[in-house]
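Start counting the sequence shown at 922; every next residue gets the next number (the numbering used here).
Virtual Cβ for every residue (Gly too), placed ideally from N, Cα, C.
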Amino acid sequence: MSQTNKPLKKVSKTNFSKQGKRNRAAGARFELKVRKDLESQGWIMNKWTNNVDFEQNKVVPAKRKFNPFLKVMSIGTGFPDFSGSKAISRGAYDVVGIEVKGNGWLDKEEKEKCKWLINNKIFSKILIARKGNKRGGIDYIDFEKKYMK
922 MSQTNKPLKK VSKTNFSKQG KRNRAAGARF ELKVRKDLES QGWIMNKWTN NVDFEQNKVV
982 PAKRKFNPFL KVMSIGTGFP DFSGSKAISR GAYDVVGIEV KGNGWLDKEE KEKCKWLINN
1042 KIFSKILIAR KGNKRGGIDY IDFEKKYMK
């Protein structure tokens, strides 16, 4: 009993379904924010819809995912999230892959895919976009500098 003689409320468990929806929506908003930021810097951005198949040792179209609860087919399941190109000089372009991660950490499989994409010259470099230290900020980390020393 509390001091006002009212029973204390029980702490309810987190509703993981609602939390997942919020996290997914926040991730989609951050992806859009990164895309708009890079477009404002002069990059031409595209949603990358391919993935690396290690068994075939090549880039293949990403499998589409069906959500039976929302009855929708999601298309954007490729790795990395975006491809971007920017003119360097006449007829020469810089082509990069951009993976958007809120915390900036890649798992083991994602690191292997990044290494494969760089070594096979699919992208000149891969940038990892993560939330910055300042509110609303975006930090871009070069994959080669962080993981391929």
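Check: Hey, would you say GLU976 sits closer than 8 Å to VAL1021, going by beta carbons?; Outcome: no
Check: Which of the three DSSP states, helix, strand or coil, is assigned to LEU1048?; Outcome: strand
Check: Taking 8 Å as the threshold (C-beta atoms), are GLY1005 and ILE965 in contact?; Outcome: yes
Check: Where does ILE1043 fall in DSSP's three states?; Outcome: coil
Check: Give me the Cβ distance between PRO982 and ASN971, rounded to the nearest whole Å; I'm assuming they're in contact under 8 Å.; Outcome: 6 Å
Check: Starting from the C-beta of TYR1014, find all residues in its chain whose C-beta is less than 8 Å away, skip the five residues before and the five after it, and write them out in chain order.; Outcome: SER1006, LYS1007, ALA1008
Check: For TRP1026, does the count of other Cβ atoms within 10 angstroms reach 16, so buried, or fall short, so exposed?; Outcome: exposed
Check: Please go through the same chain and pick out, in chain order, the residues whose beta-carbon is closer than 8 Å to the beta-carbon of ASN1054, but skip the five residues on each side of it.; Outcome: ASP1060
Check: Would TRP1037 pass as a contact of PRO1001 if the rule is Cβ separation under 8 Å?; Outcome: no
Check: In whole angstroms, what separates the C-alpha of GLU960 from that of LYS954?; Outcome: 10 Å
Check: Look at the Cβ atom of TYR1068, then the Cβ atom of LYS1032, and state whether they are nearer than 8 Å.; Outcome: yes
Check: With DSSP as the reference, please indicate the residues paired to VAL1016 in a beta bridge.; Outcome: SER1006
Check: Look at the alpha carbon of ALA947 and the alpha carbon of LYS1052, and state the distance between them as a whole number of angstroms.; Outcome: 12 Å
Check: Output needed for SER1045: all residues of its chain with C-beta closer than 7 Å, excluding positions within five of it in sequence on either side, in chain order.; Outcome: ASP1015, VAL1016, VAL1017
Check: Closest to ASN978 by CA distance: which of ASP1028, ASN1041, ASP958 is it?; Outcome: ASN1041
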